[in-house]
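Numbering (my numbering), first residue to last: 9 to 288.
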DNA sequence: ATATTCCCCTGGAAGC
DNA sequence: TGCTTCCAGGGGAATA
């Protein structure tokens with residue numbers, strides 16, 4: 009479900025709603041990946057005050073008052089809600105934290121690809137194994153055309169699936185990958201090592217612009233994305249190619265095509281994005 | 001080392 | 001109506 013803008017939107021909401029809250033209990037209804045058993049998670053969380061909530065890549069970090077914390081991942085279908093506690097588990101509710109002020113913080117996840125990880129100390133919230141190998145954030149100054157060209161030297165893999173690799177750069181998922189390549193006019197099938205410095209410059213600009221716009225819109229609402237308060241992202245209305253197979257390209261009118269790369273759908277305009285394949 | 005595939009799991013939409 | 005097939009935003013492991 010969530011790419012960077014969705015996770016950012018949710019992390020900001022959690023920060024707003026949970027900062028200062030004290031956890032009194034935890035219920036685990038259906039274990040997510042790596043989620044400890046209910047008794048262990050309860051022992052870990054009970055009595056803890058939440059200092060802050062932040063985002064790194066597509067992970068959400070919840071920092072407690074005793075230098076421990078949680079790392080949460082939404083997988084494909086994760087979502088949260090925070091409401092007065094009626095003590096009634098809802099459909100697809102996997103984990104629930106009860107708060108001292110009478111609220112209940114729920115973690116839903118239909119497909120159960122989400123994760124709940126424990127961090128035993130403060131450094132682990134920044135250096136947990138799942139965070140260790142991650143590439144730079146999309147808005148980091150460290151993310152430059154030179155860095156990308158160096159990392160991808162010799163990589164003949166198609167550009168589009170490469171952009172999904174979180175150890176190269178983080179936060180770009182399938183939707184914004186397609187949208188950014190369209191905006192930059194680059195062929196999703198071109199070898200990653202053939203992207204020129206000028207093309208990287210353009211693509212980086214488009215990735216940042218699209219992520220910025222999507223964050224401002226509160227994310228992209230596709231099927232089951234919801235913010236903590238239940239509101240839907242509005243960016244879906246701005247999607248140019250994703251999910252638009254057969255529709256006319258907004259730029260040239262050629263029908264948008266869909267193809268499969270690395271088992272995922274790619275949407276692109278075969279005319280606007282077809283000029284970069286080098287013959288070797 | 002790099003590249004492709006397969007799997008985790010559930011549900012909605014489309015096709016017959 | 002009911003059954004089958006395909007598809008889905010992520011990520012990691014297994015396989016060539």
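Backbone N, C-alpha and C fix where the C-beta goes; we use that ideal spot for every residue, glycine too.
A distance below 8 Å between beta-carbons, with the five flanking residues on each side excluded, links residue 188 to the following residues of its chain, in chain order: 171, 180, 211, 214, 215, 218. Using a Cβ distance threshold of 8 Å, residue 20 and residue 83 do not count as a contacting pair.
Taking C-beta atoms as the reference points, residue 71 and residue 133 count as a pair closer than 8 Å. DSSP places residue 35 inside the beta strand (DSSP E), whose first and last residues are 31-36. The C-beta distance from residue 119 to residue 152 rounds to 36 Å, too long to meet the 8 Å contact threshold. For residue 222, the enclosing alpha helix (DSSP H) has its first and last residue at 205-224. Residue pairing from DSSP leaves residue 241 without any beta-bridge partner. Taking each of 65, 96, 77 in turn and checking the Cα distance to residue 49, the smallest one comes out for 77. With fewer than three CB-CB distances shorter than 8 Å, the segment 125-143 does not count as touching the segment 184-198. Spanning the alpha carbons of residue 225 and residue 95 requires a straight line of approximately 33 Å.
Only exposed fits residue 47, as fewer than 16 other CB atoms lie within 10 angstroms of its CB. The alpha helix (DSSP H) runs of length 4 or more contained entirely in the segment 157-181 are, from start to end of the chain, 167-171.
Between the C-alpha atoms of residue 34 and residue 54 there is a straight-line separation of about 7 Å. The shortest CA-to-CA distance from residue 183 to any of 93, 58, 252, 259 is the one to 252. Straight-line spacing of the CA atoms in residue 105 and residue 32 works out to 7 Å. The three-state secondary structure of residue 145, taken from DSSP, is coil.
Under the DSSP definition of a beta bridge, residue 88 partners with 115. A distance below 6 Å between beta-carbons, with the five flanking residues on each side excluded, links residue 129 to the following residues of its chain, in chain order: 75. Every beta strand (DSSP E) stretch that sits fully inside the segment 10-61 and reaches 3 residues is listed by chain position as 31-36.
Note on residue 89: 16 or more other CB atoms within 10 angstroms of its CB, so buried under the neighbour-count rule.
Comparing alpha-carbon positions, the option among 161, 247, 272, 237 lying closest to residue 18 turns out to be 237. For residue 81, the enclosing beta strand (DSSP E) has its first and last residue at 77-81. If you draw a straight line from the Cα of residue 272 to the Cα of residue 168, it comes to about 10 Å. Here residue 149 is not near residue 177, since their CB atoms are 8 Å or more apart.
Ranked by how close their Cα comes to the Cα of residue 40, the residues 52, 103, 282, 241 have 103 in first place. A residue is called buried when at least 16 other Cβ atoms come within 10 angstroms of its Cβ; residue 281 meets this threshold and is buried.
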